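Here is the structure we will look at.
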Amino acid sequence: MNPSTSQFDPSRAQARQTLIAHKLTRAISDHGLQVHYQPEMDLVQQQVVSFEALCRWHDPELNQVAPDEFIAVAEARGQIVALGAEILRMVLADLPHILARWPQARVAINVSGLELAQPDFALQFLATVQRSQTAFLNHLELEITESVFHHDVPTLQHNLQMLKARGITVAMDDFGTGQSSLSRLHTLPFDKIKMDRSFVQALDEPMVQAIVQAMVDLTQRFGRILVAEGVETPEQMLTLQSLGDVLAQGYLISPPKPLTSLLNWSA
Ligand code: G
Ligand code: MN
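For the sequence shown, our numbering gives the first residue as 5, with consecutive numbering after it.
Printed below as a string of structure tokens:
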């Protein structure tokens, strides 16, 4: 085995992180990032109800940089607030086009725990949306992952309550993995639960079907919405439909698409 290719080299990893951080600063200020949109479909009504905004970055030298990688760098190097602001700017610019085609839809933005733990996050977010158009408040959603629970919960609650009071909805992302246990579900005011794709992948197992059924019942009982992530096959879709009222997101419905292809897409 060649040690130069098989061993983790911390100095090379550092150098790559520094390069990404440097280029990301430029990409943010030059508006060099893109947002793709992936629909969430109501399986009963057979209609699209929301779109998840997913940041994409192509750099001529680094090629396609995976969002997991550049978001981790942005978090580690203090760039996540600037990145979040740039994503919101792009979504607000796209929203009129999306609403012209889907007037009832919401666009969901993924926010990092580091952003949501800023005491003035809600104030800044609301001010930015209102500078654009107040009506957009009813067409935005925030997606947060289990990583938020590493931060000060009262600050998170304060921000989320302020945003919700103005019409923004809140979704728990990747539910059922890591720290996003049942015991956390009642600590933040979620409107929507997005079930991690690992449940959909194992949906042919009776035990997993029973777990998903329990999640359907739980969310319905509390007037919340359940989304199944990563729906890739017609069989998975049929099983989900048989379990009750669930939204579906995944490649079977549509991969994330840039705005222009989204507007040409027929569900
Ligand atoms: O953490 P979150 O679930 O929001 O991540 C969304 C990511 O999952 C996006 O990068 C998107 O490209 C990817 N994705 C979307 N639909 C599918 C799918 O059906 N299968 C798989 N494996 N990945 C998906
Ligand atoms: Mn998400």
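Even for Gly, the Cβ is constructed at its ideal location relative to N, Cα and C. Here the structure is a predicted model, which means the values were calculated and not measured.
Check	Outcome
Beta-carbon within less than 7 Å of residue 68's beta-carbon, same chain only, minus the 5 sequence neighbours each way: which residues are those?	62
For residue 1, count neighbouring Cβ atoms within 10 angstroms of its own Cβ and tell me buried if that reaches 16, exposed if not.	What the structure shows of the chain is the stretch from 5 to 271, and residue 1 is not part of that stretch, so it cannot be assessed.
Drop a sphere of 10 angstroms on the beta-carbon of residue 185, count the other beta-carbons inside from all chains shown, and report buried for 16 or more, exposed for fewer.	exposed
Beta-carbon within less than 7 Å of residue 295's beta-carbon, same chain only, minus the 5 sequence neighbours each way: which residues are those?	Because the chain in this structure spans residues 5 to 271, residue 295 falls outside the shown range and cannot be described.
Taking the alpha-carbon of residue 103 as reference, which of 121, 245, 55 has the nearest alpha-carbon?	55
Going by the CB atoms, is the gap between residue 176 and residue 194 shorter than 8 Å?	yes
For the candidate residues 85, 134, 127, whose alpha-carbon lies nearest to that of residue 29?	85
State the DSSP-derived secondary structure class of residue 257, mapped to helix, strand or coil.	coil
Could you please give me the residues that DSSP links to residue 106 through a beta bridge?	Per DSSP, none; premise fails for residue 106.
Quick check on the contact list: which residues have their beta carbon closer than 6 Å to a heavy atom of ligand 2?	56, 114, 147, 177
Would you please state the rounded distance, in angstroms, between the beta carbons of residue 232 and residue 252? I believe it to be under 8 Å.	5 Å
Whole-angstrom Cβ separation of residue 140 and residue 92, contact assumed at under 8 Å?	Between residue 92 and residue 140 the Cβ distance is about 10 Å, and since that is not below 8 Å, they are no contact.
Verify the contact flag: residue 182, CB atom, against every heavy atom of ligand 1, threshold strictly below 7 Å.	no
Give a yes or no on whether the C-beta atoms belonging to residue 120 and residue 170 are separated by under 8 Å.	no
Please find out if some non-hydrogen atom of ligand 1 comes closer than 7 Å to the beta-carbon of residue 38.	no
From the DSSP output, which residues share a beta bridge with residue 173?	145
Using only the alpha-carbon positions, how far apart do residue 88 and residue 39 sit?	12 Å
Tell me whether residue 187 sits in a helix, a strand or coil according to DSSP, three-state version.	helix
Measuring from the CB of residue 68, is there a heavy atom of ligand 1 at a distance below 7 Å?	no
What residue range is occupied by the uninterrupted alpha helix (DSSP H) comprising residue 221?	210-225
Could you spell out where the beta strand (DSSP E) holding residue 151 opens and where it closes?	Segment: none, residue 151 is in no beta strand (DSSP E) and carries neither H nor E.
Quick one: grab the DSSP three-state call for residue 55.	strand
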